[in-house]
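In this note's numbering, the protein residues as written are 62 to 673.
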C-alpha cells in the first residue's frame with residue numbers, strides 16, 4: 062500500500078494467521094453455551110442480525126451489556142434517513158452522504174446503503190416499528206436534518222425514534238424466543254487452532270447459573286456493541302459505550318480504521334463547565350424544523366458560513382459554534398426555537414422539552430444553551446460490504462463497524478439505516494454459509510483447544526506465564542479510576558480542537574497511565590483486580606491510544622477531524638484511510654490505504670471472495 066510521503070509510517074505487518082494479540086486478564090470460563098451465531102449488542106444492528114438469522118433457522122444467542130433495550134439505539138432522537146418521500150431518490154441521498162463524508166466515503170458502501178435502505182425501513186415497519194404518519198393519508202411524515210437537501214428523515218414519537226425502534230425489535234426478539242444473556246460484558250474472542258472465530262468469553266453480572274466469566278461458543282460472532290463516547294468527559298452516549306467491541310477486535314488481531322473521525326454533535330444541552338458523562342442531546346431535527354443558532358446577542362452566526370446555515374453538515378456546525386465561542390469568550394451558544402410555540406414543542410419534541418425543563422430551561426420561553434459534545438464514531442472495526450472483518454468468522458455492524466459509509470463525517474440519521482442495512486447483509490452471509498454446510502457451531506473449538514479454551518483456574522497476578530485467556534506477561538489491567546483520567550486526557554488533547562502539540566501531549570499522558578500500571582506489576586507482581594470497571598478502563602485506554610495515534614498521523618483538517626495546526630484539507634496526500642492493528646507486544650501498526658476506497662479486508666488467498 063502507498064503511504065503519504067514525508068511522514069513516518071509503520072511498516073505494514075506481513076500476512077499471518079489471525080491469532081490474539083493480547084487478551085484481558087480474567088478468570089478462566091466456568092461455564093459455556095453453544096450457538097451458531099453470537100450477537101454482541103442489542104441495538105438496531107444487533108437485534109436485526111439476530112432476528113434474520115433466527116428466522117433462517119440458526120441458533121442465535123444475543124449478549125448485551127445491560128438490558129436488551131439499554132443500548133445507544135434507544136437514545137436516537139432524530140430519526141432514520143431513507144429516500145422514501147415523493148421526488149427523493151437514492152442518488153440524491155448518495156450525493157448528500159458523499160458531501161458530508163468529506164471525500165473519504167467508500168462510494169460502493171454508500172450506494173449499498175441508499176439503494177437497499179428504503180426497503181430495509183419497510184421491513185423494519187413490518188417487524189412492528191411505528192413511525193409518525195399523516196392522520197389523513199397514513200403516509201410517513203418526513204423531516205430534514207443537517208446535510209440533507211430533502212425531507213427524508215422518518216421519525217417516531219416526535220423525537221423518540223430510537224426508543225420506538227428498540228421497542229419493536231426487542232418485542233420481536235422475545236416473541237421469537239431467541240436466547241439472550243443480559244448484563245454481560247464481552248471480554249475476548251475465542252479462536253480455533255486455525256485462527257478462525259470460535260466464540261467469545263464474557264462476564265455476566267448476577268444472572269443465576271450464568272454468573273461470572275463464561276463462554277459462548279459459535280462459529281460466527283457479530284460485534285454490534287455501539288460506540289466509544291465514554292472516552293471523553295462529556296458525551297451523548299450512555300455509560301455502557303466504552304469501546305469494548307473495538308478493543309476486543311484489536312486484541313483479536315482485526316483491523317480498525319477512521320477512529321480519528323469522532324463526530325461531536327453541535328447541539329448538546331450545556332449543563333455547566335463541570336458536567337461529565339452522558340449529556341442530553343438536542344436533536345438536529347429541531348434545527349430541521351426551523352430553530353436558529355444564535356450567540357448571546359441573538360446573532361445567527363451560521364449565516365454566511367455555509368449555504369445551509371444551521372443545517373450544514375455537523376462538522377461545519379460544530380466548528381462554527383466553537384469558533385463563535387472562541388471569538389466571544391463564551392462557554393456555549395444558544396438554540397432558539399421559541400417561535401415553535403408550546404403546542405409544537407409538546408407534539409414534535411416532547412422528550413427534548415422534558416429534558417430541558419428537568420434542568421430548569423423552558424425552550425418555549427427561552428433559548429437553549431448548547432455546546433458540542435462527543436456523539437458518534439465514524440470509524441471502527443473495518444468490514445467489507447457483507448460485514449466481514451479481517452478475522453475469519455468475525456463480523457461487525459452499527460457504530461462499532463467501519464463500512465466506509467460515513468467517511469470523515471457521518472451524515473445525520475444515516476447511523477440507524479447503516480445498522481439496519483448491513484445487519485441484513487451479515488445475516489444473509491452467515492445463513493448462506495450455514496445452508497451451504499459450514500462446520501457446525503463449536504465443532505472446531507471442541508476439536509482444537511484454542512486461546513481461552515483452558516478450563517483450569519488462572520492466577521490473574523502471574524507475571525511469568527500467560528493467564529487463562531492468553532494475556533501476555535506484563536499486560537496489566539488499569540484501575541477503575543483510570544477511566545476519568547483517560548476522559549480528561551482525551552477531552553483536552555483530542556476533542557473538537559486538536560493540534561500536533563495537544564495530541565502529542567495526550568499520547569504521552571496515555572503512555573504514562575499504562576507505564577505506571579506496568580511498573581507496579583513488575584515491582585509488586587500486582588495489577589488491578591479483574592472486574593467490569595477495570596476491564597472497561599483498559600478497553601477505553603486501548604481505543605484512546607488508537608484514536609490519538611491516527612489523529613497525530615492525519616496532518617490535515619477533514620470532516621470532524623479538526624487540526625488547528627493543519628487547517629486545510631489535503632486531498633493529494635490524505636484522501637485515504639488509516640488502518641490500525643495491534644501487535645502482540647502491545648504496539649500499534651498504523652498504515653494508509655491507496656485511496657478513499659477500502660481494500661478487501663481478507664488474506665490474499667481470499668481477496669477474490671471479500672466483496673459481493
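Ideal placement from N, C-alpha and C gives every residue a C-beta, glycine not left out.
Keep in mind that this is a model prediction, so the values were computed, not measured.
Residues of its chain near residue i, where Cβ-Cβ distance is below 8 Å and the 5 sequence neighbours each way are ignored
| i | result |
| --- | --- |
| residue 131 | 103, 125, 299 and 301 |
| residue 356 | 362, 385, 389, 391, 394 and 395 |
| residue 178 | 142, 143, 144, 151, 154, 478, 481 and 482 |
| residue 364 | 370 |
| residue 334 | 392 |
Continuous beta strand (DSSP E) stretch holding residue i: start and end
| i | result |
| --- | --- |
| residue 264 | 258–265 |
| residue 94 | 93–95 |
| residue 713 | Residue coverage of the chain in this structure runs from 62 to 673, which leaves residue 713 outside it and unanswerable. |
| residue 328 | 323–330 |
| residue 223 | Looking at the DSSP string, residue 223 is not in any beta strand (DSSP E); the run it does join, the alpha helix (DSSP H), is 222–236. |
DSSP-derived helix/strand/coil call for residue i
| i | result |
| --- | --- |
| residue 401 | helix |
| residue 249 | strand |
| residue 466 | coil |
| residue 364 | strand |
| residue 439 | coil |
| residue 394 | strand |
| residue 653 | strand |
| residue 353 | strand |
| residue 160 | helix |
| residue 101 | strand |
| residue 557 | coil |
| residue 241 | strand |
| residue 602 | helix |
| residue 291 | helix |
| residue 344 | coil |
| residue 548 | helix |
| residue 622 | strand |
| residue 276 | strand |
| residue 449 | strand |
| residue 685 | Outside the shown range of the chain, which is 62 to 673, sits residue 685, and nothing can be said about it. |
| residue 455 | strand |
| residue 339 | strand |
| residue 422 | coil |
| residue 286 | coil |
| residue 151 | helix |
Residue range of the alpha helix (DSSP H) that includes residue i
| i | result |
| --- | --- |
| residue 476 | 475–496 |
| residue 567 | 561–585 |
| residue 309 | 305–312 |
| residue 642 | That residue, residue 642, is in no alpha helix (DSSP H); its beta strand (DSSP E) goes 639–643. |
| residue 379 | 375–389 |
| residue 634 | 632–635 |
heavy atom of the ligand HEM below 6 Å from residue i C-beta
| i | result |
| --- | --- |
| residue 573 | This structure lacks the ligand HEM, and indeed carries no ligand of any kind. |
Contact set for residue i: own chain, Cβ-Cβ below 7 Å, skip 5 residues either direction
| i | result |
| --- | --- |
| residue 286 | 101, 102, 305, 306 and 461 |
| residue 203 | 145, 146, 212, 213, 214 and 215 |
| residue 564 | 554, 555, 609, 612 and 613 |
| residue 506 | For residue 506, the predicted structure reports a pLDDT of 37, less than 50, and the residue's modelled location is therefore unreliable. A value from the coordinates is still provided. If we look at residue 506 and ignore the five residues flanking it on each side, its Cβ neighbours are 251, 253, 259, 260, 278 and 514. |
| residue 623 | 380, 557, 558 and 559 |
| residue 336 | 295 |
| residue 549 | 294 |
| residue 114 | 98, 121, 488, 491 and 492 |
Given residue i as reference, the closest of the options once Cα atoms are compared
| i | options | result |
| --- | --- | --- |
| residue 425 | 443, 452, 444 and 397 | 397 |
| residue 495 | 452, 554, 592 and 280 | 280 |
| residue 330 | 582, 347 and 541 | 347 |
| residue 434 | 194, 327, 188 and 633 | 327 |
| residue 238 | 197, 276 and 121 | 121 |
| residue 345 | 577, 137 and 187 | 137 |
| residue 242 | 226, 236 and 266 | 266 |
| residue 123 | 226, 148, 244 and 163 | 244 |
| residue 319 | 552, 167 and 473 | 167 |
| residue 680 | 546, 633 and 606 | In the structure displayed, the chain extends from 62 to 673; residue 680 sits before or after that span and is not available. |
Close Cβ partners of residue i (< 6 Å) along its chain, the five nearest in sequence each way excluded
| i | result |
| --- | --- |
| residue 303 | 291, 597, 600 and 601 |
| residue 352 | 396 and 398 |
| residue 471 | 324, 437 and 439 |
| residue 412 | 220 and 221 |
| residue 577 | none |
| residue 107 | 100 and 285 |
Short CB-CB distance (under 7 Å) between residue i and chain C
| i | result |
| --- | --- |
| residue 352 | The structure shown has no chain C; it contains just one protein chain. |
Exercise for review: Report yes or no: do the region 204–222 and the region 369–378 share at least 3 C-beta pairs separated by less than 8 Å?
Suggested key: Verdict: yes, contact present.
Check your understanding: Counting Cβ pairs closer than 8 Å, one from the region 555–573 and one from the region 230–241, do we hit at least three?
Key -> Contact check between the region 555–573 and the region 230–241: fewer than three CB pairs, one atom from each, fall below 8 Å, which does not count as touching.
Exercise for review: Would you check if the region 307–317 and the region 632–647 touch, i.e. whether three or more CB-CB distances between them fall below 8 Å?
Suggested key: Pairwise C-beta distances place the region 632–647 in contact with the region 307–317, as three or more of them are shorter than 8 Å.
Practice item. Report yes or no: do the region 244–257 and the region 80–94 share at least 3 C-beta pairs separated by less than 8 Å? Key: These segments touch.
Exercise for review: Evaluate the contact criterion for the region 535–543 versus the region 580–591: three or more CB pairs, one atom per stretch, below 8 Å.
Suggested key: At 8 Å Cβ cutoff, the stretches touch.
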